[in-house]
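Novice:
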Amino acid sequence: MSELPNCPACGSEYTYEDGIQLVCPECGHEWAKDAAPESAEDELVALDANGNRLADGDTVTVIKDLKVKGSSSVIKVGTKVKGIRLIEGDSEGGHNLDCKVEGIGPLKLTSKFVKKA
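Numbering (this note's numbering), first residue to last: 972 to 1088.
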């Protein structure tokens, strides 16, 4: 029996060959047999509220009023935030975006409360 690699998306060991591709039956991820293994450690991935992939330097719009911790300030719905930076999510709140909000200053946001502008 041949040794097939685990799924790079979910880590499942139940991958199988389908023509020139490998397929994971658990999550449905497909990839080329000869593709170099993806390193999850090298690449930070953040998805907005609509499932769009965010990248460093993107402009996003806040989709929900957000209270600023330790302050009486509120980031209102529709506020545009320019030049976000992806960071590794912290354990406390899962904040994975570093940015500067006009009128408030530098802070961290969670990607599920923004959408790509």
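Beta carbons are placed, not taken as given, at the ideal position from N, Cα and C, and that holds for glycine.
Give me whichever residues DSSP pairs with residue 1071 in a beta bridge.
Specialist: Answer is 1077, bridged to residue 1071.
Novice: Measuring alpha carbon to alpha carbon, tell me which residue in 1051, 1075, 985 and 1002 is nearest residue 971.
Specialist: For the chain, the structure presents residues 972 to 1088; residue 971 sits outside this window and is missing.
Novice: Here's a check: name, in chain order, each residue in its chain whose Cβ is nearer than 6 Å to the Cβ of residue 1021, leaving out the five neighbours to either side.
Specialist: 1086, listed in sequence order.
Novice: Taking 6 Å as the limit between beta carbons, can you name the residues of its chain near residue 1002, skipping five residues before and five after?
Specialist: The residues are 993.
Novice: In this structure, does DSSP put residue 1038 in helix, strand or coil?
Specialist: Residue state, collapsed to three classes: strand.
Novice: Check each candidate in 995, 1068 and 985 and name the one with the smallest Cα separation from residue 1033.
Specialist: Of 995, 1068 and 985, the residue nearest in Cα terms is 1068.
Novice: Taking buried to mean at least 16 other C-beta atoms within 10 Å of its own C-beta, is residue 1043 buried or exposed?
Specialist: Exposed, because fewer than 16 other Cβ atoms sit within 10 Å of the Cβ of residue 1043.
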